[in-house]
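Numbering (the working numbering), first residue to last: 2 to 452.
Right, dumping it as structure tokens:
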């Protein structure tokens, strides 16, 4: 069935005519009543399946109530997906003879001041107001419940003060529960759309953030580089970068210029960590161009970022180094980051590159020390974030630093390129965590190997 045919079939005019014609059948006759109810139930079920327009659903529900309970006034107050009164969808079901009371009920509701942040308990005060203003009617209250949540309220006004409760009527409960399903579906659709919008924004943010990380490793004279960041979520708090300390020179001259190599990690993961790391990247890139030694770079970066980090209640660990291809000297300073692992090829062992320093964003007057080492042919430096060694398996065992050093040592003793070593370490991580298990934290690695 085409959409325009559906709209015509379930338009208010069509429904009104359908129910008016069918109302000639007496509801007092049980067999005819059953036939009539089956038709209404079928059309209502199809309506719920085919549409998500809450206003039309409520109109249709009111028309059904009008013809099933033609001596009663039914006042429906739905709640929206945020749990607030859905003012634009409030409905009253009643025959023409009750037009005056409909206006009075609507007026009573309009005069009642619900708070901006509606609370369910406020409805009790409103119900008392209804009872006081319409003493000639018996008023029954029914909650519209779905999955244990209140999706609205139904008030039934009846002049029959001694009649049976409408809550015992099968027809009423069926229509009420169908309405609850419709309102719940509307809430789910709204929530789904909201989540889809957030997902799109996160995906866009993740795409932008991925573009902030280097697309490729630069060419540095005598060096073989490889790097990769694997975020635990779409957005991550890990960061690595390569920056030439001299600008406006040819690519050929850049190869033999001094280069800054940095790796960092914002406490936590996800959107907040990603935003802070993006902010820190901009500050760091401006500082690098000053050409100051690593300890001064971290000192000044801490001074610049401390106010923003303090307000976010987060901190950053960062390892900053610069390398001169002509002298093979690597200078470095550490803001409490995991010390990179240096493979000394001549000694066939691994040592840690570390220097005293405080995390960024916690102490305004933090000081940092500068270390320096001269590298030799086939030496290798592994920069990494704590997501690598904090990775755990199904038994809760961590990959830890010892295991990383053991695997790196084996790989360094063989003739692998930096990219091959990087791939093999990530493969070890995947094998360790096991199938269908994701990293609990962002994991990044940079491998710096002298040819």
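Don't be surprised by glycine CBs; every beta carbon is placed ideally from N, CA and C.
Find out if the Cβ-Cβ distance for the pair residue i, residue j is shorter than 8 angstroms.
i, j, result
"residue 179", "residue 363", "no"
"residue 158", "residue 144", "no"
"residue 224", "residue 242", "no"
"residue 295", "residue 321", "yes"
"residue 300", "residue 240", "no"
"residue 1", "residue 131", "Because the chain in this structure spans residues 2 to 452, residue 1 falls outside the shown range and cannot be described."
"residue 221", "residue 185", "no"
"residue 141", "residue 168", "yes"
"residue 442", "residue 387", "yes"
"residue 276", "residue 288", "no"
"residue 350", "residue 307", "no"
"residue 405", "residue 374", "no"
"residue 427", "residue 229", "yes"
Quick check: what's the CA-CA separation for residue i versus residue j?
i, j, result
"residue 175", "residue 198", "35 angstroms"
"residue 29", "residue 71", "The predicted model places residue 29 with a pLDDT of 44, which falls under 50 and marks its position as unreliable, so this point remains unresolved."
"residue 343", "residue 253", "27 angstroms"
"residue 444", "residue 335", "18 angstroms"
"residue 432", "residue 292", "42 angstroms"
"residue 409", "residue 430", "12 angstroms"
"residue 46", "residue 421", "60 angstroms"
"residue 43", "residue 165", "27 angstroms"
"residue 88", "residue 389", "53 angstroms"
"residue 32", "residue 69", "At residue 32 the pLDDT is 48, less than 50, meaning the model places this residue with poor confidence and gives no usable figure here."
"residue 280", "residue 378", "36 angstroms"
"residue 249", "residue 352", "36 angstroms"
"residue 149", "residue 156", "20 angstroms"
"residue 65", "residue 107", "20 angstroms"
"residue 290", "residue 398", "42 angstroms"
Can you tell which of the options has the C-alpha that lies nearest to the C-alpha of residue i?
i, options, result
"residue 191", "349, 141, 383, 55", "55"
"residue 84", "45, 354, 215, 187", "187"
"residue 345", "374, 166, 371, 381", "381"
"residue 227", "442, 60, 385", "385"
"residue 423", "246, 446, 433", "446"
"residue 151", "86, 196, 100", "86"
"residue 361", "378, 309, 351", "309"
"residue 448", "419, 148, 389, 428", "419"
"residue 134", "118, 119, 316, 105", "105"
"residue 413", "347, 303, 261, 250", "347"
"residue 261", "98, 172, 244", "244"
"residue 67", "172, 118, 247", "172"
"residue 232", "307, 392, 407", "392"
"residue 60", "248, 98, 90, 149", "90"
"residue 395", "358, 434, 427, 426", "434"
"residue 247", "323, 65, 403", "323"
Using a Cβ-Cβ cut-off of 6 angstroms (strictly less than) and excluding sequence neighbours within five positions of residue i, which residues of its own chain qualify?
i, result
"residue 305", "284"
"residue 103", "93, 95"
"residue 372", "333, 356"
"residue 325", "259"
"residue 183", "49, 58"
"residue 338", "318, 319, 320"
"residue 437", "none"
"residue 201", "none"
"residue 119", "85, 86"
"residue 219", "243"
"residue 99", "74"
For residue i, collect the residues of the same chain with a Cβ closer than 8 angstroms to its Cβ; drop the 5 residues on either side in sequence, then sort them by chain order.
i, result
"residue 63", "75, 77, 92, 93, 94"
"residue 127", "110, 113, 115"
"residue 286", "242, 244"
"residue 161", "72, 139"
"residue 358", "296, 299, 334, 335, 336, 337, 367, 368, 369, 370"
"residue 215", "228, 241, 242, 243"
Which partner residues does residue i have in the DSSP bridge list?
i, result
"residue 79", "153"
"residue 267", "317"
"residue 372", "333"
"residue 459", "No answer is possible for residue 459: it lies beyond the span of the chain, which begins at 2 and ends at 452."
"residue 143", "155"
"residue 451", "224"
"residue 231", "444"
"residue 412", "Partner(s): none; residue 412 has no beta bridge."
"residue 1", "The requested residue 1 does not occur in the structure, where the chain is confined to residues 2 to 452."
Which same chain residues, not among the five before or five after residue i, have their C-beta less than 7 angstroms away from its C-beta?
i, result
"residue 376", "329, 331, 451"
"residue 124", "154"
"residue 121", "151"
"residue 327", "257"
"residue 81", "87"
"residue 163", "none"
For residue i, decide whether its Cβ has a neighbour in chain B, counting only Cβ atoms nearer than 8 angstroms.
i, result
"residue 198", "The chain labelled as chain B is not found in the depicted structure, where only one protein chain is given."
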